[in-house]
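Novice:
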Amino acid sequence: QVQLVESGGGVVQPGRSLRLSCAASGFIFSSYGMQWVRQAPGKGLEWVAAIWFDGTNPYYADSVRGRFTISRDNSKNTLYLQLNSLRGEDTAVYYCTRKTGSGSMAFDIWGQGTVVTVSS
Amino acid sequence: QSALTQPASVSGSPGQSITISCTGTSSDVGTYNLVSWYQQHPGKAPKLMIYEVSKRPSGVSNRFSASKSGNTASLTISGLQAEDEGDYYCCSYAVGSTWVFGGGTKLTVL
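Residue numbers (my numbering), protein chains in the order written: chain B, 141 to 260; chain L, 444 to 553.
(1) In whole angstroms, give me the CA-to-CA distance for Tyr220 (chain B) and Ser259 (chain B).
(2) Among L:Ser460, L:Thr541 and L:Met492, which one has its Cα closest to the Cα of Trp480 (chain L)?
(3) When Cβ atoms are compared, which residues of the stretch 486 to 511 of chain L fall closer than 7 Å to chain B?
(4) Using a Cβ-Cβ cut-off of 8 Å, state whether Val185 (chain B) counts as contacting chain L.
(5) In chain order, what residues of the same chain lie with their CB nearer than 6 Å to the CB of Val538 (chain L), ignoring the 5 residues before and after it?
(6) Using a C-beta to C-beta distance shorter than 8 Å, which residues of chain L count as neighbours of Met174 (chain B)?
(7) At a Cβ cut of 9 Å, what residues of the stretch 177 to 204 of chain B count as close to chain L, listed as they run along the chain?
(8) So the beta strand (DSSP E) Gly529 (chain L) belongs to, where does it begin and stop?
(9) Alpha carbon to alpha carbon, how far is Ile463 (chain L) from Ser215 (chain B)?
(10) Helix, strand or coil for Phe247 (chain B) per DSSP?
(11) Ignore the nearest five residues each way along the sequence and tell me which others in Ser460 (chain L)'s own chain have a CB closer than 8 Å to its CB.
(12) Among residues of its own chain, excluding the 5 on either side of Asn505 (chain L), which ones have a beta-carbon nearer than 8 Å to its beta-carbon?
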């Protein structure tokens, strides 16, 4: 079945780095744009970053631009998010999502999320 | 990239209808017919309920409908059921190839 499985979350000190991974299965990964969306504890959803199907044209929210890097390896069906210079406000559940095809610009498949906690 | 504006909470009795509004700007909702809505139950990942303003993905009940006028989108749930209780988020594609979510609305079925 169509599935996204995130990994790589954990507890990290402010200023340190972390890399999240998202393994995709059940669909042609290289045909879809992918995104990361996060949710701070008790808060709403926040779009973080997007990348085109072919790994080009990354886009970022203002809150993470210059600190986070989205990338993908289509040969491994895997999406990544490199988190650098982490801050307390980056504490959240990070969801990997698939962008719908045909230009709908919606997120039709979500992973279960991986928790990132930034704390000293 | 300011969040879209949603009411913090709405409530309704079983069988009734409720509407959740989502107000953006000319940089997002007002320009693009690319508003989507998500349902989230506690501890679970969000689920796509509506895309392209008013289209339902396969498997989503036709009790869910949505529309847009100007800078405001709306989600209507008719025939409320207990299982509809949860948080609802709107989302819009926006200028600069970005996306913006609403702050979320907690739906309580009385």
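For glycine and all other residues, C-beta sits at the position ideal for the given N, C-alpha and C.
These numbers come from a predicted model, not from an experiment.
Specialist: Based on what the coordinates show:
(1) Indexing the first sequence from 1 puts residue 220 (chain B) at position 80. Indexing the first sequence from 1 puts residue 259 (chain B) at position 119. Near 22 Å, if we compare the C-alpha coordinates of Ser259 (chain B) and Tyr220 (chain B).
(2) As a first step, residue 480 (chain L) must be located in the second sequence, where it is residue number 37. Out of L:Ser460, L:Thr541 and L:Met492, L:Met492 has the C-alpha closest to the C-alpha of Trp480 (chain L).
(3) Cβ contacts with chain B come from Ala488, Pro489, Leu491, Tyr494, Glu495 and Pro500.
(4) Numbered from its first residue, the first sequence carries residue 185 (chain B) at position 45. Strictly speaking, residue 185 (chain B) in this sequence is Leu, with Val absent from that position. Yes, contact with chain L.
(5) The residue you call residue 538 (chain L) lines up with position 95 of the second sequence. For Val538 (chain L), where only same-chain residues beyond five positions count, the Cβ hits under 6 Å are Ser470.
(6) On the first sequence, position 34 is the one that residue 174 (chain B) refers to. When 8 Å is used as the limit between beta carbons, Met174 (chain B) is near no residue of chain L, the shortest such separation being about 13 Å.
(7) Listed in sequence order: Val177, Gln179, Lys183, Gly184, Leu185, Glu186, Trp187, Ala190, Asn197, Tyr199, Tyr200, Ala201, Asp202 and Ser203.
(8) Within the second sequence, numbered from 1, the residue matching residue 529 (chain L) stands at position 86. Boundaries of the beta strand (DSSP E) harbouring Gly529 (chain L): Gly529 to Ala537, taken from the DSSP string.
(9) Position 20 of the second sequence holds residue 463 (chain L). Position 75 of the first sequence holds residue 215 (chain B). Their Cα atoms are separated by approximately 42 Å.
(10) As a position in the first sequence, residue 247 (chain B) is number 107, starting the count at 1. Strand.
(11) Mapped onto the second sequence, residue 460 (chain L) falls at position 17. Excluding five sequence positions before and after Ser460 (chain L), the CB atoms of its chain that fall closer than 8 Å to its own CB belong to Thr519, Ile520, Ser521, Gly522 and Leu523, given in chain order.
(12) For the purposes of this step, residue 505 (chain L) is identified with residue 62 of the second sequence, where counting begins at 1. Closer than 8 Å at Cβ, skipping near neighbours: Arg499.
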